[in-house]
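Residues in the sequence shown are numbered from 2 upward in steps of one, following the working numbering.
Using N, Cα and C, we set each Cβ at its ideal position, and we do this for glycine too.
Note sheet for the following structure.
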Amino acid sequence: MRWKANGAVTVVTGASSGIGRCLCELLIDRGATVVGVARRADRLTELESRESIGHFIPVTGDITDQVVRNQIVEVANGVNESRVDLLVNNAGIGAIGPFANASPDRLRRVMEVNFFAPAELTRVMIPSLRLGRAAVICNISSVLGHRAVPDKSEYCASKFALHGWSDSLRAELAGDGIQVTLVSPSTTRSEFFEKLIETDAGNDSKSIGSWPPIRVARTTLASIEARRSEVICSLAGKALVYGDRVSPPIMNAILSRR
Ligand SMILES: NC(=O)c1ccc[n+]([C@@H]2O[C@H](COP(=O)([O-])OP(=O)(O)OC[C@H]3O[C@@H](n4cnc5c(N)ncnc54)[C@H](OP(=O)(O)O)[C@@H]3O)[C@@H](O)[C@H]2O)c1
Numbered sequence: 002m003r004w005k006a007n008g009a010v011t012v013v014t015g016a017s018s019g020i021g022r023c024l025c026e027l028l029i030d031r032g033a034t035v036v037g038v039a040r041r042a043d044r045l046t047e048l049e050s051r052e053s054i055g056h057f058i059p060v061t062g063d064i065t066d067q068v069v070r071n072q073i074v075e076v077a078n079g080v081n082e083s084r085v086d087l088l089v090n091n092a093g094i095g096a097i098g099p100f101a102n103a104s105p106d107r108l109r110r111v112m113e114v115n116f117f118a119p120a121e122l123t124r125v126m127i128p129s130l131r132l133g134r135a136a137v138i139c140n141i142s143s144v145l146g147h148r149a150v151p152d153k154s155e156y157c158a159s160k161f162a163l164h165g166w167s168d169s170l171r172a173e174l175a176g177d178g179i180q181v182t183l184v185s186p187s188t189t190r191s192e193f194f195e196k197l198i199e200t201d202a203g204n205d206s207k208s209i210g211s212w213p214p215i216r217v218a219r220t221t222l223a224s225i226e227a228r229r230s231e232v233i234c235s236l237a238g239k240a241l242v243y244g245d246r247v248s249p250p251i252m253n254a255i256l257s258r259r
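Below, the structure written as structure tokens:
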């Protein structure tokens, strides 16, 4: 059975910018109710006032806060008798720079936002997803959750964790009819690189063929509708991931040339 946006009850974290914001717009334009989460209230208000056939319900807060996660579930459960058809764990942060020069806080913060928060939000949302129509948990990972690179160790670790956890969860929830879709974008032209934590000025992601966030959002929605297990975005992303699968030693040698 395909997943349908029209009439669906959906939750999207990281709704205030980039991929998450574009995905919210696509979902409400197709008739979904979207509970959208982020810390910047003004950005969520803009989405709330967008005229569309669907609805946007903002939840303002930090997803690393358990009180906020419980509030998200409460708001989503209030839409249609505790039924949730889609949870998109999209909110994420990054950092660039050698691990040896970074503080322990950088690792903690990246893991909290990119891994522990989505895992714990999912835990409290599973009962509602079990009531959903062809429900999907969509985790926005990264190609760096398939092949790690230097100077992004914390970020790669968080996305590898999300990847491994998603694979386990997919097998565990198959009997409940819940699909887990792992989307792995490559470099995307969002606000992501303006908000890197504990990162020296001038550090940026060197990547060819970056995608705009709307393209990642469209690919994500198509993957959810088709109930795919995994999708890797962009040619450069595929080259990195599949190149590594073919020959990890060659990829190690390329990435170690500094
Ligand atoms: N950009 C890339 O090159 C790229 C590549 C691969 C994968 N990704 C992944 O794609 C996802 C979306 O990133 P993006 O490119 O769209 O970046 P973005 O424009 O910076 O969006 C990130 C979103 O996450 C929210 N967020 C961050 N920390 C949060 C927190 N503690 N609590 C609640 N919301 C939080 C932000 O909202 P507030 O600041 O308002 O809270 C924002 O809405 C991330 O998981 C990222 O790792 C991005």
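- Bridge partners of Trp-212 according to DSSP: Thr-189.
- His-164 carries a helical assignment under DSSP once its states are collapsed to helix, strand and coil.
- Annotation: Asp-66 to Ala-118 spans about 8 Å, alpha carbon to alpha carbon.
- Its chain contains Val-35, Leu-48, Arg-51, Ser-53, Ile-54, Gly-55, His-56, Phe-57 as the residues whose beta carbon lies nearer than 8 Å to that of Ile-29, once the 5 sequence neighbours on both sides are disregarded; these appear in chain order.
- For Ile-20, the enclosing alpha helix (DSSP H) stretches over residues 19-30.
- Judged by DSSP secondary structure, Glu-47 falls within the alpha helix (DSSP H) whose first and last residues are 42-49.
- The beta carbons of Asn-78 and Ser-129 sit closer together than 8 Å.
- At least 8 Å separates the beta-carbon of Ser-159 from that of Leu-183.
- Following the DSSP letters along the chain, one finds Asn-71 inside the alpha helix (DSSP H) bounded by residues 67-78.
- Non-local C-beta neighbours of Val-89 in its own chain, meaning closer than 6 Å and more than five positions away in sequence, comprise Val-13, Cys-139, ordered along the chain.
- Residues of the same chain with a CB within less than 6 Å of the CB of Cys-23, apart from the 5 flanking positions on each side, are Pro-214, Ile-215, Ala-218 in chain order.
- Burial check for Lys-196: the Cβ neighbour count within 10 Å stays below 16, so the residue is exposed.
- Closest option to Ala-149, judged by alpha-carbon separation, among Met-252, Arg-41, Arg-44: Met-252.
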